[in-house]
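Note that the numbering used here numbers the sequence shown so that position 153 is 153, with each residue one more than the last. Note that the Cβ used here is the ideal one computed from N, Cα and C, for glycine as well.
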Amino acid sequence: MNLIVIAEEGERKLIEKYIPDCTWEVCVTGVGAVNIIRSLRDLPRDTRILNIGYAGSANFEIGTLVEVSEVRLNHPNCKYDEPVLPISPCDMSEGEHAQSFASLFPIADRRAVCYTNSDFVLQSDYKDCVFDMELAYIAALGFERVSALKVVSDNLSLHTYHQLTQGVE
1 MNLIVIAEEG
11 ERKLIEKYIP
21 DCTWEVCVTG
31 VGAVNIIRSL
41 RDLPRDTRIL
51 NIGYAGSANF
61 EIGTLVEVSE
71 VRLNHPNCKY
81 DEPVLPISPC
91 DMSEGEHAQS
101 FASLFPIADR
111 RAVCYTNSDF
121 VLQSDYKDCV
131 FDMELAYIAA
141 LGFERVSALK
151 VVSDNLSLHT
161 YHQLTQGVE
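Right under this line is the structure:
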């Protein structure tokens, strides 16, 4: 099974823009950890997942398309040992369906780490990365192949995020 995972219905326009000929099923989960877990927990672990959505960044230009290389939780107030979760390349060039996947995904402007948060990030010293609220939880569920494309919606500004996405209040 191939599945595109988006947090909000408004992110469907990103699929239409970046992957217009995609025939994958789309799952709208809702924002955050609990919604991800409830929406995806019963899926077979061999489901190929592409998470596409908006993300903040301290320094990437708004509109930048980022292919995520790995994901971590962001907990800026304390440090503890926690795994870094690898994210598969978006080209999906391996396996029996390589031909059909090769032309499916757009070329990203850059590759970067994604930090997943439990709340909107309004400030951070982390640069050259993106911030979201779902990807680490998707990856932690143990799917064999998770890829992610993030479009920078803001530079850590909730106001700019709302203007661009008209997403979660």
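Residue i burial status per 10 Å Cβ neighbour count (16 or more: buried)
{"i": "residue 53", "result": "buried"}
{"i": "residue 68", "result": "buried"}
{"i": "residue 78", "result": "exposed"}
{"i": "residue 85", "result": "buried"}
{"i": "residue 80", "result": "exposed"}
{"i": "residue 11", "result": "buried"}
{"i": "residue 128", "result": "exposed"}
Contact with chain C by residue i, beta-carbon distance below 8 Å
{"i": "residue 57", "result": "Given the protein chain composition of this structure (a single chain), no chain C is represented."}
Candidates the options, of which the one nearest residue i by Cα
{"i": "residue 131", "options": "60, 15, 34, 22", "result": "60"}
{"i": "residue 140", "options": "70, 121, 27", "result": "70"}
{"i": "residue 134", "options": "119, 10, 126, 112", "result": "119"}
{"i": "residue 29", "options": "150, 6, 51", "result": "6"}
{"i": "residue 115", "options": "46, 66, 109", "result": "66"}
{"i": "residue 108", "options": "1, 17, 11", "result": "17"}
{"i": "residue 89", "options": "112, 76, 81", "result": "112"}
{"i": "residue 56", "options": "124, 41, 39", "result": "124"}
{"i": "residue 58", "options": "166, 160, 42", "result": "160"}
{"i": "residue 48", "options": "63, 20, 128, 138", "result": "138"}
{"i": "residue 19", "options": "166, 149, 162", "result": "149"}
{"i": "residue 165", "options": "2, 22, 14", "result": "14"}
{"i": "residue 82", "options": "136, 46, 43, 42", "result": "136"}
{"i": "residue 1", "options": "63, 45, 110, 37", "result": "45"}
Backbone secondary structure at residue i - three-state DSSP
{"i": "residue 158", "result": "helix"}
{"i": "residue 40", "result": "helix"}
{"i": "residue 140", "result": "helix"}
{"i": "residue 102", "result": "Residue confidence is low: residue 102 scores 48 on pLDDT, short of 50, so the model does not pin down where it sits. Its coordinate-derived value is still stated next. If DSSP states are grouped into helix, strand and coil, residue 102 belongs with the helices."}
{"i": "residue 2", "result": "strand"}
{"i": "residue 135", "result": "helix"}
{"i": "residue 152", "result": "strand"}
{"i": "residue 108", "result": "coil"}
{"i": "residue 121", "result": "coil"}
Check: Can you list, in chain order, the stretches of the alpha helix (DSSP H) that have 4 or more residues and sit fully within the region 4-31?
Finding: 12-18
Check: Counting only runs that start and end within the region 40-92, where is the beta strand (DSSP E) found for 3 or more residues in a row?
Finding: Qualifying beta strand (DSSP E) stretches, in chain order: 48-56, 65-73.
Notebook entry, point to check: Would you call the region 70-88 and the region 19-33 in contact, with 3 or more CB pairs under 8 Å?
Noted result: Result no; under three Cβ-Cβ pairs closer than 8 Å.
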